[in-house]
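Heads up, the thing below is written out as structure tokens.
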Amino acid sequence: MVLPVTLNPVLFEITADTKLKERPFADITRHSEFPGEEEILFSVGCVFKATSVIYSDSVWLIKLVLCKTDENELNDVYSTTKAALDASIDLNTFSSFLWHTGMHGWIPTELPPKQQQLDLNNSKSVCLYADKVYRSGGFGSGAAADKWYLRAIDLELKSQPINYLNLFKMYLKVSTCLKDDKIYYQKAKDIVSNLTKENDPLQTARLYFKLAQHWNPAYHIDLNEALDCYHACLHIQEETLPENDLNIALTCNMIAELHFKHFGSIADTKLDASLHNAYLSIQEFFVRKCLSIQLKVLPATHIELAFTYVRLGRLYIGTFQRNTALALENYEKALNIFQALGIEGTRICGAALRVINDIKSGYHTAPDGCW
């Protein structure tokens with residue numbers, strides 16, 4: 005999985021006293037997909053106290069201790085949290101949780117009562133309802149959500165002061181509902197341009213990243229527009245972040261992937277070989293830039309390194325820039341990492357192994373669907 009530019013990797017180190025019986029937990033290592041690691045399942049309601057938070061090598065390490073719920077030093081936390089919570093059940097939080105766990109069937113049940121409770125004069129409330137309508141996924145859900153997003157935008161524009169970050173998100177959501185719409189996309193982009201001088205540079209970079217991601221190749225894509233936004237993001241990152249920051253690596257990878265997907269869509273057309281090679285050279289440049297950062301920052305057996313080696317191998321096995329020796333070298337590096345992580349039996353490891361066997365058997369093109 006490639007982390008979005010807005011996220012950082014986090015490792016949790018948990019110390020648990022096995023004599024604590026207030027909240028049960030169990031060793032489920034035997035059911036884990038990673039037999040080389042210990043895996044513990046904690047019950048809902050377990051309380052953990054953070055003893056330290058360390059940032060090292062672009063990774064956050066948070067050390068936690070499993071606690072009793074009646075520990076004196078936690079009582080003030082409970083009291084403050086309880087006072088801050090509303091007495092009613094928060095359906096927004098609950099439905100969002102269900103959505104992200106794949107339980108989409110809840111939404112149609114929730115929508116009718118939610119509409120009855122809707123505050124039609126509150127832009128946030130209307131926008132949240134629009135999100136739920138869009139997530140319902142039924143025929144015409146985009147058009148149905150569109151009218152609610154537009155109402156939320158109208159309310160936000162009338163508020164003082166205007167929350168331009170919220171407005172940015174709403175414009176992009178309307179553009180998504182309307183599929184190939186560029187009017188509201190441009191409105192969102194104008195906000196980023198206008199906020200550049202007063203906004204935090206990294207926040208601006210994240211907004212450009214979101215603009216680029218809006219052009220999803222599965223639905224619609226404007227290659228030049230997406231590339232412009234990724235490059236704007238990368239320019240800010242390179243001026244603001246340390247040269248080996250993983251966010252820079254992620255953006256480089258996204259630029260390379262964009263060229264790869266666009267190249268795939270035109271590969272069968274009768275284009276000059278030099279143009280094909282130009283696409284591949286751009287891909288190689290950005291994948292190698294991504295790899296150079298990852299090699300300096302990530303552990304030698306990190307799975308993202310394996311994925312980057314696969315991307316390089318895929319590049320060298322292509323028709324116009326075939327170099328089977330380099331392709332084999334990179335796929336074998338990826339396979340070594342997969343095996344070191346103990347995931348030999350997974351699809352990703354099996355796919356890499358098949359490509360390696362194909363190369364050794366004399367087949368010089370990767371099978372369809374392999375990354």
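Residue numbers (the working numbering): 5 to 375.
Beta carbons are placed, not taken as given, at the ideal position from N, Cα and C, and that holds for glycine.
query, result
"For the beta strand (DSSP E) containing residue 19, name the first residue and the last one.", "14-19"
"For the alpha helix (DSSP H) containing residue 48, name the first residue and the last one.", "No alpha helix (DSSP H) contains residue 48, which DSSP labels as neither H nor E."
"Determine, using beta-carbon pairs with one atom in the stretch 310-321 and one in the stretch 329-343, whether at least three such pairs fall under 8 Å.", "yes"
"What are the partner residues of residue 66, as DSSP defines its beta bridges?", "16 and 57"
"How many Å lie between residue 286 and residue 297 at the Cα?", "17 Å"
"Tell me residue 30's beta-bridge partners as DSSP assigns them.", "45"
"Among the residues of its own chain, which have a CB less than 6 Å from the CB of residue 36, if the five just before and after it don't count?", "43"
"Which one or two residues does DSSP pair with residue 71 in a beta bridge?", "51"
"Identify, in the order they occur along the chain, each residue of the same chain with its Cβ nearer than 8 Å to the Cβ of residue 40, setting aside the five sequence neighbours on each side.", "345 and 346"
"For residue 259, count the other beta carbons within 10 Å of its own beta carbon; 16 or more makes it buried, fewer makes it exposed. Which is it?", "buried"
"State the DSSP-derived secondary structure class of residue 235, mapped to helix, strand or coil.", "helix"
"Hey, would you say residue 180 sits closer than 9 Å to residue 133, going by beta carbons?", "no"
"At 3 residues or longer, and completely inside the stretch 297-357: list those beta strand (DSSP E) runs for me, N to C.", "none"
"In whole angstroms, give me the CA-to-CA distance for residue 67 and residue 212.", "34 Å"
"Skipping 5 residues on each side, what residues in its chain have a beta carbon closer than 6 Å to that of residue 127?", "156, 159 and 160"
"Based on Cα-Cα distance, which residue from 279, 242 and 219 lies nearest to residue 262?", "219"
"In chain order, what residues of the same chain have a beta carbon less than 6 Å from the beta carbon of residue 58, not counting five sequence neighbours either side?", "65"
"So residue 195 is in the alpha helix (DSSP H); what residue range does that whole segment cover?", "187-199"
"Take residue 173 as the anchor and find which of 182, 186 and 214 has the nearest alpha-carbon.", "214"
"Taking the C-alpha atoms as reference points, what is the distance between residue 208 and residue 198?", "10 Å"
"Any idea if residue 91 is buried or exposed, counting beta-carbon neighbours within 10 angstroms, 16 or more meaning buried?", "Low local confidence applies: a pLDDT of 48 at residue 91 is under 50, so the model's placement there is unreliable, with the coordinate-based value given in what follows. Residue 91 should be labelled exposed."
"Identify, in the order they occur along the chain, each residue of the same chain with its Cβ nearer than 6 Å to the Cβ of residue 290, setting aside the five sequence neighbours on each side.", "256, 259 and 260"
"If you compare alpha carbons, which of 251, 204, 186 and 246 is closest to residue 230?", "186"
"Is the distance from the Cβ of residue 2 to the Cβ of residue 188 below 9 Å?", "Here the chain covers residues 5 to 375 and nothing more, so residue 2 does not appear."
"Between residue 125 and the rest of its own chain, which residues show a CB-CB distance below 8 Å, the 5 nearest in sequence each way excluded?", "159"
"Would you decide whether residue 362 is buried or exposed? Buried here means 16 or more other CB atoms lie within 10 Å of its CB.", "buried"
"Compute the distance between the beta-carbons of residue 310 and residue 342, then report whether it is under 9 Å.", "yes"
"Return the CA-CA distance between residue 17 and residue 129, expressed in angstroms with no decimal places.", "38 Å"
"Sorted by chain position, which residues of the same chain lie with C-beta nearer than 8 Å to residue 29's C-beta, five sequence neighbours on each side aside?", "20, 44, 45, 46, 47, 50 and 70"
"Please go through the same chain and pick out, in chain order, the residues whose beta-carbon is closer than 6 Å to the beta-carbon of residue 295, but skip the five residues on each side of it.", "312"
"Find the nearest neighbour of residue 264 within the set 251, 281 and 252, judged by alpha-carbon distance.", "281"
"For residue 283, decide whether its Cβ has a neighbour in chain B, counting only Cβ atoms nearer than 9 Å.", "No chain B is present in this structure, which holds just one protein chain."
"Would you kindly work out how many angstroms separate the C-alpha atoms of residue 168 and residue 321, rounded to a whole number?", "46 Å"
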